[in-house]
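**Student:** Note that the working numbering has the sequence shown beginning at 33, numbered continuously upward.
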Amino acid sequence: RARVTLPTQGPPHTGGPSMGLTDRRRAIVLFGDSLTQRSFEANGWGSSLAVRYGRRCDVYNRGFGGYNSRWCLSMLKEMFPEDETQLLVTIMLGTNDAALRDVEPAAYVPLDEYEKNLREIVKHCKKTAKFVVVMTPPCMNENQRLAFQHEKYGDGAIGTLDRTNENTRKYAGICTKVSRELGMPCVDLFKVTTAKQGGEENEKGKLSRAQSVDPWQTQISSINNFKPSDFGPPPRFNGDGDGRGGELFTDGIHFSEHGQQIVFQALIDTITQHIGDALCPENLDSDWPFGPALRSDPFRWKEKMRAHEKQAVFEPTLFGQKKKSSMKESILTVSDSGILADKDLQLARGVAVLLAAAGAGYFFGARR
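Here's what the structure looks like:
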């Protein structure tokens, strides 16, 4: 296949500017910490979103493991410059902010600062995105978290919770408050995941702050006047991540495959309830016609592609018209058969044929 470079006159049959990869589909951006970064795991909530909007939107995973709202705010304008436009941005922060100060001081962010940071992040994303959905930090399984520590680090485990449901609930509350005041839809994952673990009054794996010391470490237990017999054997940690037994988490914090699907369904329910038809996949034009439409009448496939290109609407795309209009040239592909429908390419080929013929005439004429 030959490649011909010509000044941009628009994609074939449209008369408009050429569209690159990022301009052919709308952008959905997932912004957050490791709970977002790991959303592209098998059956993750992010990868499930990419499947749901396949051929219509590109889903960008911008999750940063270990980050808090302070660090995310510092890079916000680099992540979301105002000359870009997204169809949807999801924001899930707070799990690391809610780390206990005496255990993880680097991750910890005071509640008032978290509120300020989150408000700034949401307000900025409102400027660039057509839709914004805020997601609260989920609850955790405290017993599972301690068991994970014990099995992963053995004698090196710190033996105390780095986060608690009691503290994380406060950050989730601030998240719903900020969303409400800014008029943004909010997925209350703390409420959803708590309910899935047995409800507010019967949280699975719930421990008080006073009990958040690993009773299976004899030295620490004696310091805190706890006896291993008071608690029984340590719970087994199911670390394979498949969510068997209905576990929402793999380590007490990060979602299992089952937990990922709980998050995905909660997000879709919120989108359906608060945004509706505007984010219904069937209402968004696809990037080029679907295969069955072309195969149904194989002799008219070019006509169907041209008609789709004229009628399809791809707004908003990530870079919008500003980026499109700045393109200087377009690389168009010429098939081996040489059958070209684009007038500019036909003209270019005609000129090339004439020049070749003139050159050949000159060559043979010279040899006479």
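Ideal Cβ positions, reconstructed from N, Cα and C, are used throughout, including at glycine. In this text the structure is predicted, and so the values were computed from the model without any measurement.
Which class does residue 54 belong to by DSSP, given the choice of helix, strand or coil?
**Tutor:** Per DSSP, reduced to three states, the secondary structure at residue 54 is helical.
**Student:** In the DSSP assignment, the beta strand (DSSP E) including residue 163 goes from what residue to what residue?
**Tutor:** 161-167
**Student:** If I measure Cβ to Cβ from residue 76 and keep anything under 6 Å in the same chain, skipping five residues before and after, which residues do I get?
**Tutor:** 292
**Student:** Residues bridged to residue 229 by DSSP?
**Tutor:** Paired residue(s): none; residue 229 is not in a bridge.
**Student:** According to DSSP, simplified to helix, strand and coil, what is residue 403?
**Tutor:** Nothing about residue 403 can be reported from this structure: the residues present for the chain run from 33 to 400 only.
**Student:** With 16 as the cutoff for other CB atoms within 10 Å, does residue 230 come out buried or exposed?
**Tutor:** exposed
**Student:** What's the call for residue 57, buried or exposed, on a 16-neighbour Cβ count within 10 Å?
**Tutor:** buried
**Student:** To which residues of the same chain is residue 52 closer than 6 Å at the C-beta, ignoring the five residues directly before and after it?
**Tutor:** none
**Student:** Mapping the DSSP letters down to three states, classify residue 95 as helix, strand or coil.
**Tutor:** strand
**Student:** Using 8 Å as the cut-off, can you tell me whether the region 158-166 makes contact with the region 133-142, which would need three or more C-beta pairs spanning the two stretches below that distance?
**Tutor:** They do not touch, by the three-pair rule.
**Student:** Less than 8 Å between the C-beta atoms of residue 350 and residue 116, yes or no?
**Tutor:** yes
**Student:** Any chance the region 214-231 sits against the region 314-333, with 3 or more Cβ pairs inside 8 Å?
**Tutor:** no
**Student:** DSSP three-state call for residue 469: helix, strand or coil?
**Tutor:** As displayed, the chain neither begins before 33 nor continues past 400, which places residue 469 out of reach and without an answer.
**Student:** Give me, in chain order, the residues of the same chain whose beta-carbon lies closer than 7 Å to that of residue 108; leave out the 5 immediate sequence neighbours on both sides.
**Tutor:** 153, 156
**Student:** Can you give me the C-alpha to C-alpha distance between residue 207 and residue 295, rounded to a whole angstrom?
**Tutor:** 16 Å
**Student:** Taking residue 170 and residue 130 to be in contact with their CB atoms under 8 Å, please state how far apart those CB atoms are, rounded to whole angstroms.
**Tutor:** About 11 Å separates the two Cβ atoms, so there is no contact after all.
**Student:** With H, G and I counted as helix, E and B as strand and the rest as coil, what does DSSP make of residue 296?
**Tutor:** helix
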